[in-house]
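Worksheet: the structure to be examined is printed underneath.
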Amino acid sequence: MLRDLVFASLLVIIILALTYLTYSGGLGDLPPRDVRVIASNYLNLTYNQGITWLWAASPEAVTAIVWDYRGLDTLFETVVFYGAILAALTLFRSVSKVPEFVSSAGLSLVVKRVTAIVTLAILAVAASTALHGHLTPGGGFQGGAIASVAPLLLLVVFGKQFFIERRISYSKLLTIRNASLALLGFTSVALLILGFLTGFQAYIFQNQAKTVSTLSYPPYLLDVPLGGSLFFFNLFEFLAVASGFTLVFTILLSRDETLRKELEGEELGY
Amino acid sequence: MDIELIKFMFMLTTISLYFNVAISLYGVVSKTNLVKKLIALTIFQDTVNMFTILIGYKLWRPGLLLQPPVLTDLSPTPETLREFVERSVDPLPQAFVLTAVVIGLAVTLFLTTIILHVSYHFKTVNVDEIGRSKRVYIHEEAV
Amino acid sequence: MMDYVDLVFLIMGISALSSVLFTFLTVKTKDLMYAVVFSSVQSVAYALIYFLLLAPDIVLVYVAVSVGIYPLIVILLVKKVGRYEVVT
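Protein chains in written order, with the working numbering: chain W, 35 to 304; chain V, 863 to 1005; chain F, 428 to 515.
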């Protein structure tokens, strides 16, 4: 009780000090007068057809920075996401081995028909957001998060019997996820391997042609900018994120007795 | 266009974000339920991301129209490109916040499975009671 | 007279103030379902501020994650663990 009071009063003192400093101009001009030099540099280079040895072939600056100019950061973020989902699935290993036998009828007929129509719309919006990531705001992760709502709705409205009848099993989803992550890694070193085989020089995470290497992904598809490797990165990230979330929801929506079976034998001390 | 009103509203947003940080930190440290700590932790992460994007904004001036960092012309001339660079807001904080949101989501998913395991093992999610029963365990093992 | 630029910043200030109110209600309440709902309303206020700060990529990620996936996972947890917070 005393500890709570001391902590609360410390927080109030810190807030008052920070408010006074911000009000009297401690953070500089709020909002700032102009963007930084490095930001205007990236904005100038991202779709500039006059400087084709440094461009990224996509009119969307944020996607170009995430997957081309600072691509190594995104690679490690994908690794962290993969590791966290792996840890969450390992803690409930026995649930995934044996499929649970439920006989659930789902909700009423009206809800089932409406859900069937809405699920198609959700999948269309998610695919459009993911595949147009180099032309409009959007991208792989946004499309994957939207697309993971559709299997969740199907699980809740139709019951688990729906997935078991259509044989969408745990190992199939795991296969989709591992395959799309492997293809993501392959896309980032594809030009390097091609450079080894043909004798040209190339870099890791290379998107367009630079001054010393002439290999590049195609920047245009008929007459629309394709963004080079950004299109493939968005597609594979979309598949990986959607299947990863579906796996976690399938485990967490099981019954209580099935989840408690993970911990049996603990009173004997394993 | 009233420059004083704009600056005052921006400063009001910054100060209310300070309040949010303080309230959510108090919730993480002083509440004894594990689920309440998880909810307050997510609010804390979201507020810090908001600070990062506030820094990337730009001051309005009469005659300057701001634009998000997306080029809408698919075959730009050099004049269009120069205008785009002058008008657009900063794209670098947005790229960083995308990564930060994904990592925060991964940590929250992992914490949820850990809380489930803890509640099945100790039969409670109150931090004080878990501490008390762990002391009983250690005392029994030592004796 | 009031320009539309002033209106944009006025809405930003009002959303920020309402998010403080909902954060305080989230931390104070003892019913965990109410805490989840208040946290979602605060996320909607934040999404409005992100939109007014001209960051459309972040709005898409934030709405899908913080109004769609976080409340789902916390409601599953609350149903398996216990709804009311016990203070001794």
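C-beta: ideal position from N, C-alpha, C; glycine also.
Proximity winner among 185/W, 65/W, 95/W, relative to residue 917/V (alpha-carbon distances): 65/W
Under 8 Å between the Cβ atoms of residue 90/W and residue 953/V? no
Which of the three DSSP states, helix, strand or coil, is assigned to residue 190/W? helix
First through last residue of the alpha helix (DSSP H) which encompasses residue 211/W: 204 to 232
Whose Cβ in chain W lies nearer than 8 Å to the Cβ of residue 1001/V? Chain W residues near residue 1001/V: none, gap ~17 Å exceeds 8 Å.
Does DSSP put residue 255/W in a helix, a strand or coil? strand
Looking only at DSSP bridge pairs, what is residue 932/V linked to? 94/W
Taking 8 Å as the threshold (beta carbon to beta carbon), is residue 173/W in contact with chain F? yes
Quick check: the stretch 456 to 476 of chain F against the stretch 897 to 912 of chain V, are at least 3 beta-carbon pairs closer than 8 Å? yes
With DSSP collapsed to three states, give me the class of residue 950/V. strand
In angstroms with no decimal places, state the Cα-to-Cα distance between residue 226/W and residue 931/V. 31 Å
Determine the DSSP secondary structure at residue 511/F, reduced to helix, strand or coil. strand
Based on the DSSP output, what are the partners of residue 458/F in its beta bridges? 511/F
Determine, for residue 898/V, whether the minimum Cβ-Cβ distance to residues of chain F falls below 8 Å. yes
Does DSSP put residue 241/W in a helix, a strand or coil? coil
Which residues does DSSP pair with residue 895/V in a beta bridge? 988/V
Please list the partners that residue 874/V has in chain F, where partner means a Cβ-to-Cβ separation under 8 Å. 440, 443, 444
For residue 98/W, which residues in the same chain have their Cβ closer than 6 Å to its Cβ, ignoring the five residues on either side in sequence? 80, 90, 92
Can you find at least 3 beta carbon pairs, one from the stretch 169 to 183 of chain W and one from the stretch 259 to 274 of chain W, that sit closer than 8 Å? yes
Are residue 889/V and residue 454/F touching if we call contact CB-CB under 8 Å? yes
Which of helix, strand or coil DSSP assigns to residue 1040/V: The first residue shown for chain V is 863 and the last is 1005, placing residue 1040/V beyond what the model contains.
According to DSSP, is residue 235/W helix, strand or coil? coil
Determine the chain V residues that contact residue 95/W at a beta-carbon separation under 8 Å, and present them in chain order. 931, 932, 933, 950, 953
Please specify which runs of the alpha helix (DSSP H), each continuous and at least 4 residues long, are wholly inside the stretch 98 to 149 of chain W, giving them in chain order. 105 to 124, 127 to 131
Mind checking if residue 925/V is an interface residue toward chain F, Cβ cutoff 8 Å exclusive? no
Near-chain V residues of the stretch 465 to 495 of chain F (beta-carbon distance less than 8 Å), N- to C-terminal order: 466, 469, 470, 473, 476, 477, 480, 481, 482, 483, 484, 485, 488, 489, 492, 493
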